[in-house]
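Heads up: the sequence shown begins at 1 in full-length UniProt numbering, then just goes up one per residue.
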Amino acid sequence: MRQVVVSAPGVVKLFGEHAVVYGKPAIAMAINKRLRVAALPRSDGHVKIIARDLKAMGLIINVAGNGEIAIETEYGMAMNAISYVRTAIEVAKKYLREPRGVELDISSDMPVGAGLGTSAAVAVASIKAYASAFGYHLTNDEVASLAHEVEKTVQGAASPMDSTVSALGGIHIITLQDRSRLSMGPLPLVVGYVDRESTTKDLVNNVKELRARYPALIGSIMDAIGEAVLLARNALESNDLATVAELMNINQGLLESLGVSTGRINSLIYAARRAGALGAKLSGAGGGGIVIALAPEAVKEVKIAMEIAGGHSFPVEKDDEGARVDEG
Ligand SMILES: Nc1ncnc2c1ncn2[C@@H]1O[C@H](COP(=O)(O)OP(=O)(O)OP(=O)(O)O)[C@@H](O)[C@H]1O
Ligand SMILES: C[C@@](O)(CCO)CC(=O)[O-]
Ligand SMILES: [Mg+2]
1 MRQVVVSAPG VVKLFGEHAV VYGKPAIAMA INKRLRVAAL PRSDGHVKII
51 ARDLKAMGLI INVAGNGEIA IETEYGMAMN AISYVRTAIE VAKKYLREPR
101 GVELDISSDM PVGAGLGTSA AVAVASIKAY ASAFGYHLTN DEVASLAHEV
151 EKTVQGAASP MDSTVSALGG IHIITLQDRS RLSMGPLPLV VGYVDRESTT
201 KDLVNNVKEL RARYPALIGS IMDAIGEAVL LARNALESND LATVAELMNI
251 NQGLLESLGV STGRINSLIY AARRAGALGA KLSGAGGGGI VIALAPEAVK
301 EVKIAMEIAG GHSFPVEKDD EGARVDEG
């Protein structure tokens, strides 16, 4: 019995979220913020999940006459909150010849469910940690495709973007069938975030419904997003940050028209731009959550401006390493 610790990076979406679910290309980058899963095999066959970053939801506290306290959380909400980890274990078990019990202890540098691809990172790290704890070596390519299965199962429709980039690290242009690693210089990004009320699953579903109501119109918006992604690829590879930033602003306008931006997100975006960011957009599914700002000359100013506008903020960099065994 040995404990194994695996970490997987979070993922910022530079271009193309939502449209990627409908076959358009997207560009996403692994960042230097990680989620860690420590897996310890159990001899009793049970699966125990310790999720340190999940808030207790629907808390019910019962104090009996004798002072005894019983605490429960609302069952459905708790099951939803651990759905990615549970599904990751189910998917990993199918892969192993002799599935066994395990204790998974999860901790993360990132806000849960804000747009940093934490659902994919938790699936990637859980699958790799579970397999490694029983002596199975899965390549990060294999982990990427198993984690995509998890994202599809829980989210409904899901692209392979977050699962691929979290598993492999670096920056990639991705479609439903294909991916290619981009080579480029450093990209000084500042993340700002506000709470997100909806899940990616709900936001993807909202866009699906909008597309069903206005197929031609939403189809053209998605075509335009796809066009921005292709232009952005060239700009990134030639290190033309001014064009990258301008395309980020255009992509933000198109996301706004898909209905996934919010007033609070827009406040952070405009605050970042006023403070010197060349480009700023929401990143991930939207509905609140994170904004990324490209601010080569004004990282500190943009961070402060987004905090004054009501968000939390931190700088991020590209991490070329994907999922890795840190211990064990
Ligand atoms: N630290 C964590 N511990 C356990 N589960 C986590 C953790 N972080 C994320 N998750 C799982 O991922 C879910 C959030 O996934 P969701 O796809 O909505 O957001 P995201 O992946 O962070 O954002 P996006 O998909 O827009 O990049 C949580 O409800 C939880 O099930
Ligand atoms: C909104 C979306 O495009 C990105 C979520 O990080 C969904 C997906 O790609 O599965
Ligand atoms: Mg997600």
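C-beta: ideal position from N, C-alpha, C; glycine also.
Quick check: N251 and A228, are their CB atoms within less than 7 Å of each other? Less than 7 Å divides the Cβ of N251 from the Cβ of A228.
Apply the 10 Å Cβ neighbour rule to G23 and answer buried if 16 or more other Cβ atoms are within range, or exposed otherwise. By the C-beta density criterion, G23 is exposed, having fewer than 16 other C-beta atoms within 10 angstroms.
Contact belief for D319 with I31 at Cβ below 8 Å, rounded distance in angstroms: With a Cβ gap of about 6 Å, D319 and I31 count as contacting.
Going along the chain, which residues put their C-beta within less than 5 Å of some heavy atom in ligand 5? Ligand 5 is not part of the structure shown, which contains ligand 1, ligand 2 and ligand 3 as its ligands.
Return yes when the Cβ of V194 is within less than 7 Å of the Cβ of R264, no when it is not. V194 sits close to R264, with the two beta carbons spaced by under 7 Å.
I need the DSSP call for A285, collapsed to helix, strand or coil. In this structure, DSSP gives A285 a state outside helix and strand, which the three-state scheme calls coil.
State the Cα-Cα distance for the pair A212 and N206, rounded to the nearest angstrom. Take the alpha-carbon of A212 and the one of N206: they are about 10 Å apart.
Alpha carbons only, please: which of V244, S163, G113, L282 is nearest the one belonging to A232? For the residues V244, S163, G113, L282, the minimum Cα distance to A232 belongs to V244.
Opening and closing residue of the alpha helix (DSSP H) in which E209 lies: Annotation for E209: the continuous alpha helix (DSSP H) segment containing it runs 200-213.
Pair every Cβ in the region 11-21 with every Cβ in the region 90-100, then say whether three or more of these pairs are closer than 8 Å. The region 11-21 is not in contact with the region 90-100.
Pick from L138, S261, E317: whose alpha carbon is nearest that of A167? Taking A167 as reference, the option from L138, S261, E317 with the minimal CA-CA separation is L138.
Could you check the C-alpha separation between H148 and A120 for me, to the nearest Å? One alpha carbon belongs to H148, the other to A120, and they sit about 8 Å apart.
I want to know whether the region 66-80 touches the region 114-128 - three or more CB-CB distances under 8 Å. No, because fewer than three Cβ pairs between the region 66-80 and the region 114-128 fall closer than 8 Å, the two stretches do not touch.
If you count every other CB in all the chains shown that lies within 10 Å of the CB of V165, and 16 or more means buried, which is it? That one is buried.
Could you pull the start and end residues of the beta strand (DSSP E) that D105 belongs to? It spans 101-108 - the beta strand (DSSP E) in which D105 sits, taken as one unbroken run.
Between which two residues does the alpha helix (DSSP H) holding H172 run? Looking at the DSSP string, H172 is not in any alpha helix (DSSP H); the run it does join, the beta strand (DSSP E), is 171-174.
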